[in-house]
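Residue numbers (my numbering): 5 to 78.
Note that CB positions come from ideal geometry on N, CA and C, so glycine has one too.
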């Protein structure tokens, strides 16, 4: 289930990340959703959605770090 806009993101994302990080998350999730649609392309028998969330969080962590509970640019 790709996300159309930032307001569609789960609260666990929109409630903690700044807007730019949310944009990164949304783009990475949607890209991974398409890239990993074939179960053979996924590891550990993870669902398509789980893989997309993992990829999205990894993309955010590449540009942001959590510092004292807040996500800050690296």
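CA-to-CA distance, residue 68 to residue 10, given in whole angstroms: Residue 10 and residue 68: Cα-Cα distance of roughly 17 Å.
Supposed contact pair residue 21 and residue 64 - C-beta distance, whole angstroms, cut 8 Å: 7 Å
Exposure of residue 57, with buried meaning 16 or more beta-carbon neighbours within 10 Å: buried
Identified DSSP bridge partners for residue 75: Beta-bridge pairing by DSSP links residue 75 to 70.
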